[in-house]
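Scroll down for the structure; my scribbles are underneath it.
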Amino acid sequence: MQSKLSDIELIQQTLSGNQSAYADLVKRHQRFVFTLAMRFAKGREDAEEIAQDCFIKAYRSLASFQGQSKFTTWLYSIVYTTAMTFLRKKRLDTDSIDDENTYIQVENQSSGYDVNNAETKSRSFYLNQAIGQLLPDDAAIITMFYQGEQSLEEIARALGMEANNVKIKLFRARRRLKEKLEQNLKNEVKELI
Amino acid sequence: MNNIEEILWNYIDGNCTADEQKNISALIEQDEAYKLKYQELLLLNKEYAAIELDEPPMAFTYNVMEAIRTENAQQPLKAAINKRIIMGISMFFVLTIVLLLVYTLASVNWSAGDVSANIPSGFKMPDITSYITKPVMMGFLFFDVVLGLFLFDTWLRNKRVLKQA
Numbered sequence: 382m383q384s385k386l387s388d389i390e391l392i393q394q395t396l397s398g399n400q401s402a403y404a405d406l407v408k409r410h411q412r413f414v415f416t417l418a419m420r421f422a423k424g425r426e427d428a429e430e431i432a433q434d435c436f437i438k439a440y441r442s443l444a445s446f447q448g449q450s451k452f453t454t455w456l457y458s459i460v461y462t463t464a465m466t467f468l469r470k471k472r473l474d475t476d477s478i479d480d481e482n483t484y485i486q487v488e489n490q491s492s493g494y495d496v497n498n499a500e501t502k503s504r505s506f507y508l509n510q511a512i513g514q515l516l517p518d519d520a521a522i523i524t525m526f527y528q529g530e531q532s533l534e535e536i537a538r539a540l541g542m543e544a545n546n547v548k549i550k551l552f553r554a555r556r557r558l559k560e561k562l563e564q565n566l567k568n569e570v571k572e573l574i
Numbered sequence: 003m004n005n006i007e008e009i010l011w012n013y014i015d016g017n018c019t020a021d022e023q024k025n026i027s028a029l030i031e032q033d034e035a036y037k038l039k040y041q042e043l044l045l046l047n048k049e050y051a052a053i054e055l056d057e058p059p060m061a062f063t064y065n066v067m068e069a070i071r072t073e074n075a076q077q078p079l080k081a082a083i084n085k086r087i088i089m090g091i092s093m094f095f096v097l098t099i100v101l102l103l104v105y106t107l108a109s110v111n112w113s114a115g116d117v118s119a120n121i122p123s124g125f126k127m128p129d130i131t132s133y134i135t136k137p138v139m140m141g142f143l144f145f146d147v148v149l150g151l152f153l154f155d156t157w158l159r160n161k162r163v164l165k166q167a
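Sequences listed follow chains G and X, in order. Sequential numbering from 382 applies to the first sequence in the numbering used here. Sequential numbering from 3 applies to the second sequence in the numbering used here.
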């Protein structure tokens, strides 16, 4: 069972030497951090590596967290930089993530799912499929805004951008997601006919 | 720059001023195009918010904590030692030496011509002359030379590292 203590309380306990408090913090945020890592890595193994690396980095620099922003905002900024470093290490030019034409479309994320059976596909499947086809930056902004419940200012702080820039990027990301969703559904209908 | 979609997203996200909000509400009520687009975006907003999070592997937390424990175990002793503890021990010895000095100086009879400390009558200095033999002195000097060479080597290495940096 997860601790009812706040993030700040768990951080204080961790800093005073209680490692199980940090385990609670990891349990609390692991799903979101892993999802965010998936937006960049597109493969479960790589995402796991990024997410794990991120939590280790956060542990190392926990003392430097001053509580001026939400812990999640601070944590997501670590995810973002860790993911970027990971992509660089994988020799994927970071510039290429802004170029949709050169972006590598990777295998479907929902393995073990019968992709040919349209009846079994849920709404969530189509959304996950569409978000997996977005550029990492777009997918990350959408995930942080909707699933991470971060404000535009908080996303801007985590990604090191201007809030206005994030607002424009979010608007474009939503539009692209809608286009991908429509395109995928159209293809599905064609396949059925 | 603002098209209907952008205006409506701002309205949905609550990024408008009170006046803008009022105007957009009126537009949604009166203009059919705005109304349809607003309903479409509201539905999309609901869908986006319902995207499910991915589930990490079962042993994820365990793996993270294990990696942290391994990292802590591999940490060199120099980095693992709390500097405050070292400072505390140093302070204890410094304080002890200072107190002993103060006590000794305070017990000196400065007014007497022959300056002497009031050493307790039972106190006897150990006889160390028997220990100062030639082999002991040679060993002591040898140790000093080795220590000196070691420190000189460390200094030269540090100098080289700084130069390379």
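Quick reminder that beta carbons are idealized off the backbone N, C-alpha and C, glycines included. In this text the structure is predicted, and so the values were computed from the model without any measurement.
| Item | Value |
| --- | --- |
| Nearest-angstrom beta carbon gap, Glu-73/X and Ile-437/G [assumed within contact, 8 Å] | 7 Å |
| Below-9 Å beta-carbon distance, Ile-87/X vs any chain G residue | no |
| Alpha-carbon to alpha-carbon, Glu-534/G and Val-460/G | 17 Å |
| Unbroken alpha helix (DSSP H) run spanning Tyr-527/G, endpoints | First-last for Tyr-527/G: undefined, no H or E at that position. |
| Cβ separation of Gln-514/G and Thr-454/G, assumed to be a contact under 8 Å, to the nearest whole Å | Not a contact, Cβ separation roughly 27 Å. |
| Trp-1/X, enclosing alpha helix (DSSP H) - first and last residue | Since the displayed chain X opens at 3 and closes at 167, residue 1/X lies outside it and no answer follows. |
| Residues that Lys-408/G contacts on chain X, provided the C-beta gap is smaller than 7 Å | Thr-63 |
| C-beta neighbour in chain G for Ile-91/X, strict 9 Å | no |
| Distance, Arg-553/G Cα to Leu-43/X Cα | 13 Å |
| Residues from the region 436 to 448 of chain G in contact with chain X, defined by Cβ distance under 7 Å | Phe-436, Ile-437, Tyr-440 |
| Reference His-410/G; option with closest CA among Leu-55/X, Leu-143/X, Ile-83/X | Leu-55/X |
| Beta-bridge partners of Val-66/X, as assigned by DSSP | DSSP, once it has assigned bridges, lists no residue as partnering Val-66/X. |
| Beta carbon proximity, Ile-53/X to chain G, threshold 9 Å | yes |
| Neighbour-count burial assignment, Tyr-64/X, 16 or more Cβ in a 10 Å radius | exposed |
| Counted within 10 angstroms of its Cβ, other Cβ atoms place Arg-441/G as buried (16 or more) or exposed | exposed |
| Under 9 Å by beta carbon: chain G residues contacting Lys-46/X | The residue you asked about is not Lys; residue 46/X is Leu in the sequence shown. The answer, in chain order, is Arg-555, Leu-558, Lys-559, Leu-562. |
| Partner residues on chain X for Ala-432/G, Cβ-Cβ distance less than 9 Å | Pro-58, Phe-62, Val-66 |
| Burial state of Asp-155/X, where buried means 16 or more other Cβ atoms lie within 10 Å | exposed |
| Chain G residues whose Cβ lies nearer than 7 Å to that of Ala-69/X | Gln-433, Ile-437 |
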